[in-house]
């Protein structure tokens, strides 16, 4: 599959049972991937952002159901016909029901000028994405991407602190995610610990990786072990056994699907065959990742890859785990071998 490396962390009984890696940081090299290798988490960043936002709700700094324009200062959601009666709220932003575009972000290649957060929101050069706008009536449709950039600005305006510093304070430090950071570009001292992104051909992405200034939506650098600590905290908080960031009640809100959606406050919730799973995938240029946990049974997994075909490799890992632990939704599809008369083949030649 031309994927040079994969890092994994397995969760059993609400704790990390095993973490490790296979392959190398960069094709042609010999530095191994481990459970402590840094990868871009891509859209999984949104879940960590959601936890920080909910912590501020818990502290009374933010209101889940207030118009976000009441708090935004450096930039405000442009009003239009879609927002006339239904406003953009933090609850709708976190559950992807705010009706906001664009759907995602491409990142910036090495050497490219990086936009500020306000330039990304406004779609102004050097931003390479469309402006963040409400394109559907808030609360009526499921849309991904741009809404979390608004959340990032909201958190900065509400606290007066830079987003990366705020995430360190509210989530990363509290959960012992000591190797994780929202700093973009990645600090030079961490570059040797990071897996290089690779194209579908298996060749390294020029400059090793793209940079994502859309921090709340795509900017997290983390390791499988650190991300597993995040999953463990959700599992324990849901069981009211740990409340390092969120209370039991707030965690339950996080894990409750928004009406008319399958997404809670930051997390897709999958119910299948009597199992309930929260999960989130991630995809940035040259990286594919996944984190998930099973409510009530203390199980979960994180895998992170440094290849554009990493999703296919991750799916194979999930099928293997499903066979061992009985996780529904990832099972291998058994196919029966059919006996066909040779004359049938001849007919279609």
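Numbering (my numbering), first residue to last: -11 to 337. For every residue, glycine included, the Cβ atom is placed at its ideal position computed from N, Cα and C.
Residue 282 and residue 290 closer than 9 Å at C-beta: Residue 282 sits at position 294 when you count from the first residue of the chain shown. Residue 290 sits at position 302 when you count from the first residue of the chain shown. Not a contact, by the Cβ cut-off of 9 Å.
Residue 330 classed as buried or exposed, judged by whether at least 16 other C-beta atoms fall within 10 angstroms: Here residue 330 refers to the residue found at position 342 of the chain shown. Exposed, because fewer than 16 other Cβ atoms sit within 10 Å of the Cβ of residue 330.
Distance CB(residue 113)-CB(residue 126) smaller than 9 Å: For the purposes of this step, residue 113 is taken as the residue at position 125 of the chain shown. For the purposes of this step, residue 126 is taken as the residue at position 138 of the chain shown. Contact flag unset, no.
Member of 286, 244, 212 and 23 whose CA lies at the smallest distance from the CA of residue 29: Here the question's residue 29 lines up with position 41 in the chain shown. It is 212 whose Cα lies nearest to the Cα of residue 29.
Residues near residue 224 in its chain [Cβ-Cβ closer than 7 Å; skip 5 each side]: By one-based count along the chain shown, residue 224 stands at place 236. Result list for residue 224: 2 and 230, in chain order.
Rounded straight-line distance, which links the Cα of residue 148 to that of residue 154: Translated into positions along the chain shown, residue 154 becomes position 166. Translated into positions along the chain shown, residue 148 becomes position 160. When rounded, the separation of the alpha-carbon atoms in residue 154 and residue 148 is 9 Å.
Residue 206 burial status per 10 Å Cβ neighbour count (16 or more: buried): In the chain shown, the residue the question calls residue 206 occupies position 218. So residue 206 ends up on the buried side.
Identity of the residues DSSP links to residue 55 by a beta bridge: Here residue 55 refers to the residue found at position 67 of the chain shown. In DSSP, residue 55 forms a bridge with 77.
From 159, 293, 233 and 227, residue whose alpha carbon lies closest to that of residue 286: By one-based count along the chain shown, residue 286 stands at place 298. With respect to the C-alpha of residue 286, the residue from 159, 293, 233 and 227 having the closest C-alpha is 227.
C-beta atoms of residue 95 and residue 273 nearer than 9 Å: Translated into positions along the chain shown, residue 95 becomes position 107. Translated into positions along the chain shown, residue 273 becomes position 285. Cβ distance < 9 Å, so residue 95 and residue 273 count as in contact.
Exposure label - residue 43; buried when at least 16 CB within 10 Å: By one-based count along the chain shown, residue 43 stands at place 55. Buried, because 16 or more other Cβ atoms sit within 10 Å of the Cβ of residue 43.
Close Cβ partners of residue -3 (< 6 Å) along its chain, the five nearest in sequence each way excluded: On the chain shown, residue -3 is found 9 positions in, with the first residue counted as 1. Taken in chain order, the residues that qualify are 4, 7, 23, 212, 213, 216 and 290.
Segment limits, alpha helix (DSSP H) that includes residue 218: As a first step, residue 218 must be located in the chain shown, where it is residue number 230. Run containing residue 218: 212 to 226, per the alpha helix (DSSP H) assignment.
Segments of 4+ residues assigned as alpha helix (DSSP H) that fall wholly inside the region 143 to 197: 151 to 155
Assigned secondary structure, residue 66 (DSSP; H/G/I helix, E/B strand, else coil): As a position in the chain shown, residue 66 is number 78, starting the count at 1. Residue 66 falls in the coil class under three-state DSSP.
Local conformation of residue 22 per DSSP, three classes: Here residue 22 refers to the residue found at position 34 when the chain shown is read from its first residue. Three-state DSSP puts residue 22 in coil, outside helix and strand.
Residues near residue 80 by beta carbon distance below 7 Å, same chain, minus five either side: Residue 80 sits at position 92 when you count from the first residue of the chain shown. Result list for residue 80: 86, 126 and 127, in chain order.
Neighbourhood of residue 170 by C-beta, 6 Å cutoff - its chain only, sequence neighbours within 5 removed: If you number the chain shown from 1, residue 170 lands on position 182. Here the set comprises 152, 155, 203, 207 and 208.
Exposure of residue 9, with buried meaning 16 or more beta-carbon neighbours within 10 Å: Locating residue 9 in the chain shown gives position 21, where the first residue counts as 1. That one is buried.
Residue 89 beta carbon less than 9 Å from that of residue 64: The residue you call residue 64 lines up with position 76 of the chain shown. The residue you call residue 89 lines up with position 101 of the chain shown. No; because the gap between Cβ atoms is not below 9 Å, this pair is not in contact.
Alpha-carbon to alpha-carbon, residue 72 and residue 295: In the chain shown, residue 295 corresponds to position 307, counting from 1. In the chain shown, residue 72 corresponds to position 84, counting from 1. Each residue's alpha carbon lies about 44 Å from the other.
9 Å Cβ cutoff met for residue 14 and residue 176: One-based indexing of the chain shown puts residue 14 at position 26. One-based indexing of the chain shown puts residue 176 at position 188. Cβ atoms of residue 14 and residue 176: not closer than 9 Å.
Residue 47 burial status per 10 Å Cβ neighbour count (16 or more: buried): Against the chain shown, residue 47 aligns to sequence position 59. Counting Cβ neighbours within 10 Å, residue 47 comes out exposed, since fewer than 16 surround it.
Nearest candidate by alpha-carbon position, reference residue 233, set 249, 193, 163 and 265: Counting from 1 along the chain shown, the entry for residue 233 is found at position 245. Looking at the Cα atoms, 163 is the closest of the given residues.
Cβ neighbour criterion (16 or more within 10 Å) applied to residue 319: For the purposes of this step, residue 319 is identified with residue 331 of the chain shown, where counting begins at 1. Exposed is the label assigned to residue 319, since fewer than 16 other Cβ atoms lie within 10 Å of its Cβ.
Through-space distance from residue 297 to residue 189, alpha-carbon basis: Position 201 of the chain shown, counting from 1, holds the residue named residue 189. Position 309 of the chain shown, counting from 1, holds the residue named residue 297. Going from the Cα of residue 189 to the Cα of residue 297 covers about 9 Å.
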